[in-house]
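Residue 4 is where the sequence shown starts when you use the numbering used here, and the numbers rise one by one after that.
Below is one structure, written out as structure tokens, with a few remarks after it.
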Amino acid sequence: VRSGMNTPPRWCEGPFPSLRHCADWRKEGGTMRTDTSITKDLVGVYQAGSHHMVGDGFPVRNMIPGAGVEEQLSPFLMLDYLGPQQFPPTDRQLGVGEHPHRGFETVTIMYHGKVAHRDSTGSGGVIGPGDVQWMTAASGVVHEELHEKEFAKRGGLLEGIQLWVNLPKAYKMTAPRYQTLVDAEIPAVELDGGAGRVRVIAGEFRSVKGPAKTFSPVHLYDLRLKAGHRTELDLPEGYNSSLFVLHGQVVVNGSQAVQEVEIALFGRRGERVVVEAKQEATILVLSGEPIAEPIARYGPFVMNQRDEIIQAVHDYQAGKMGHLS
Ligand code: MN
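Laid out in structure tokens, this is it:
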């Protein structure tokens, strides 16, 4: 069933300068057609909201919430695209020194280069290409994130993503947890006809389960699609779903182009997204059940109420989130 869309998507109302899809919608006189029976509507394609340094070692382009899509993407709070950037050899370990987090999870996905991490619970380690670090800050950790020592000495290309995933209220003050998911334990599903593959980091894809343990339902895939090939993704009705294109150029749902370093946001209705690569593509697929709870946010703390933020600042200053040894 195909139907005309006569009213603008509600995301087109409001101050979203990077909302290219709305310009397309207006250009076509509001007649952009969508298959609303099963295919998810594409509601927006966004470019980076800002380009800045995190510490002295992580040049990032912020996709969430920079582009104004935060509320439509719960439980995903933030997505920073790190690099890709070539670093010259150095004896210094660039990065971000000691800082706290409370109330959510930080997920670091590496594509190139190596990052070393250690935190106040004694957890830590090095993640390299294909590896994922899923850190549950929950009641609070203090950590540092640096270029790994040997990588820094040799220099090289650094590319990754840091994604922040919110925690339901019931888990915000639980004990911190640390999951290192190495490349080899992240299962890859080969797509038909040599179209590419889907690495399942969290949730499941075609009955293959990813290794990450999560506190609310999340599907997170590293999708690689070859030029000229297409695939269908089934993402649950009611979930917030998005594609972030790191490399390449794709067309979604048969007609909408998404370029390199753009993020496409889909509506909650429907279950199917069709992705076709015009150029070989690297895509992060995010889909999660929205957490329908209030958000109070201040820097590295994400809670439900303002008084909990004040408490978080106080607890950090009082050393209750620990220190690096
Ligand atoms: Mn951090």
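The beta-carbon is built from N, C-alpha and C at its ideal position, and this holds for glycine as well.
Predicted model only: the values in this text are computed from it and were never measured.
I think residue 76 touches residue 245, with their Cβ atoms under 8 Å apart; what is that distance to the nearest whole Å? Within the sequence shown, the letter at position 73 stands for residue 76. Within the sequence shown, the letter at position 242 stands for residue 245. With 8 Å as the limit, residue 76 and residue 245 qualify as a contact, their Cβ atoms being about 6 Å apart.
So for residue 326, helix, strand or coil by DSSP? Position 323 of the sequence shown holds residue 326. Coil.
Is it buried or exposed for residue 103, if we count other Cβ within 10 angstroms and need 16 for buried? Taking the sequence shown and counting its residues from 1, one reaches residue 103 at position 100. By the 10 Å Cβ count, residue 103 comes out buried.
In this structure, does DSSP put residue 75 in helix, strand or coil? As a first step, residue 75 must be located in the sequence shown, where it is residue number 72. Helix at residue 75.
Thinking C-alpha only, which one of 258, 61 and 172 is nearest residue 88? Locating residue 88 in the sequence shown gives position 85, counting from the first residue. Nearest C-alpha to residue 88: 61.
What's the gap between the Cα of residue 332 and the Cα of residue 202? Since the first and last residues shown for the chain are 4 and 328, residue 332 lies out of range.
Label residue 216 either buried or exposed according to how many other C-beta atoms from any shown protein chain fall within 10 Å of its C-beta, with 16 as the threshold for buried. Here residue 216 is taken as the residue at index 213 of the sequence shown, counted from 1. Result: exposed.
Apart from the five residues just before and just after residue 107, which ones in its own chain have a Cβ nearer than 7 Å to its Cβ? Numbered from 1 along the sequence shown, position 104 holds the residue referred to as residue 107. Within the same chain, residue 107 has close Cβ partners 80, 140, 167, 168, 169, 170 and 305.
Endpoints, alpha helix (DSSP H) assigned at residue 157: To locate residue 157, count along the sequence shown from 1; it is residue 154. Note, residue 157: alpha helix (DSSP H), 152 to 157.
For the ligand MN, I want to know if residue 193 counts as a neighbour, meaning its beta carbon is within less than 8 Å of at least one of the ligand's heavy atoms. Numbered from 1 along the sequence shown, position 190 holds the residue referred to as residue 193. Checking every heavy atom of the ligand MN against the Cβ of residue 193, none is found closer than 8 Å.
Check: residue 109 C-beta below 8 Å from any heavy atom of the ligand MN: The residue labelled residue 109 in the question sits at position 106 within the sequence shown. Checking the Cβ of residue 109 against the ligand MN gives yes.
The alpha helix (DSSP H) enclosing residue 319, as first and last residue numbers: The residue labelled residue 319 in the question sits at position 316 within the sequence shown. Taken as a continuous stretch (DSSP letters only), the alpha helix (DSSP H) holding residue 319 covers 309 to 320.
Bridge partners - residue 237, DSSP secondary structure assignment: Here residue 237 corresponds to residue number 234 of the sequence shown, with the count starting at 1. According to DSSP, which records beta bridges pairwise, residue 237 is partnered with 275.
For a quick check, are the C-beta atoms of residue 251 and residue 228 less than 9 Å apart? For the purposes of this step, residue 251 is taken as the residue at position 248 of the sequence shown. For the purposes of this step, residue 228 is taken as the residue at position 225 of the sequence shown. The answer is yes: Cβ separation under 9 Å.
Starting from residue 221, trace the beta strand (DSSP E) both ways and give me its first and last residue. Taking the sequence shown and counting its residues from 1, one reaches residue 221 at position 218. 221 to 228 is the extent of the beta strand (DSSP E) around residue 221.
Which residue comes first and which comes last in the beta strand (DSSP E) that contains residue 181? Start at 1 with the first residue of the sequence shown, and residue 181 comes out as number 178. First-last of the beta strand (DSSP E) with residue 181: 180 to 184.
The segment 129 to 148 in contact with the segment 114 to 121 per 3-pair CB rule at 8 Å: yes
Assign residue 187 to buried or exposed, taking buried as 16 or more other Cβ atoms, counted over all protein chains shown, within 10 Å of its Cβ. Position 184 of the sequence shown, counted from the first residue, corresponds to residue 187. Flag for residue 187 reads exposed.
Keeping to the same chain, check which residues put their C-beta closer than 6 Å to that of residue 98; ignore five residues upstream and five downstream. To locate residue 98, count along the sequence shown from 1; it is residue 95. Excluding residues within five positions, the ones whose Cβ falls inside 6 Å are 58, 60, 148, 149 and 150.
Pairing CB atoms from the segment 316 to 324 with CB atoms from the segment 270 to 288, are three or more of them under 8 Å? no
Span of the beta strand (DSSP E) around residue 202: Reading the sequence shown from its first residue, position 199 is the one you call residue 202. Its beta strand (DSSP E) spans residues 199 to 205.
Residue 298: which of 308, 292 and 290 sits nearest, CA to CA? Here residue 298 corresponds to residue number 295 of the sequence shown, with the count starting at 1. When only C-alpha atoms are compared, the closest one is 308.
Are the Cβ atoms of residue 155 and residue 218 separated by less than 9 Å? For the purposes of this step, residue 155 is taken as residue 152 along the sequence shown, with counting starting at 1. For the purposes of this step, residue 218 is taken as residue 215 along the sequence shown, with counting starting at 1. No, they are not a contact pair.
Let me check understanding here. Comparing Cα to Cα, which of 269, 315 and 164 lies closest to residue 48? Here residue 48 refers to the residue found at position 45 of the sequence shown. Taking only the C-alpha atoms, the option nearest residue 48 is 269.
Going by alpha carbons, who is nearest to residue 127 out of 158, 65, 144 and 232? Numbered from its first residue, the sequence shown carries residue 127 at position 124. When each option's Cα is compared against that of residue 127, the closest is 144.
I believe residue 3 touches residue 262 by the beta-carbon criterion, under 8 Å. Please report the beta-carbon distance rounded to the nearest angstrom. Nothing in the structure corresponds to residue 3, since the chain is present only between 4 and 328.
Could you give the distance in angstroms between the alpha-carbon of residue 315 and the alpha-carbon of residue 199? On the sequence shown, position 312 is the one that residue 315 refers to. On the sequence shown, position 196 is the one that residue 199 refers to. If you take the alpha carbons of residue 315 and residue 199, they lie about 44 Å apart.
Cβ-Cβ distance between residue 93 and residue 165 below 9 Å: In the sequence shown, counting from the first residue as 1, residue 93 sits at position 90. In the sequence shown, counting from the first residue as 1, residue 165 sits at position 162. In this structure, residue 165 does not lie closer than 9 Å to residue 93 by Cβ.
According to DSSP, is residue 215 helix, strand or coil? The count along the sequence shown starts at 1 and reaches residue 215 at position 212. Note: residue 215 maps to strand in three-state DSSP.
Identity of the residue in 182, 173 and 223 nearest residue 238 by Cα: Taking the first residue of the sequence shown as position 1, residue 238 is located at position 235. For residue 238, the nearest C-alpha among the options comes from 223.
So what does residue 256 bridge to, in DSSP terms? Mapped onto the sequence shown, residue 256 falls at position 253. Paired residue(s): none; residue 256 is not in a bridge.
Residue burial classification, residue 44 (beta-carbon count within 10 angstroms, cutoff 16): For this step, residue 44 is matched to residue 41 along the sequence shown. With 16 or more other Cβ atoms within 10 Å, it is buried.
I want to check one thing, is the minimum distance from the CB of residue 99 to the heavy atoms of the ligand MN below 8 Å? Within the sequence shown, residue 99 is the residue found at index 96, counting from 1. Yes, the Cβ of residue 99 comes within 8 Å of a heavy atom of the ligand MN.
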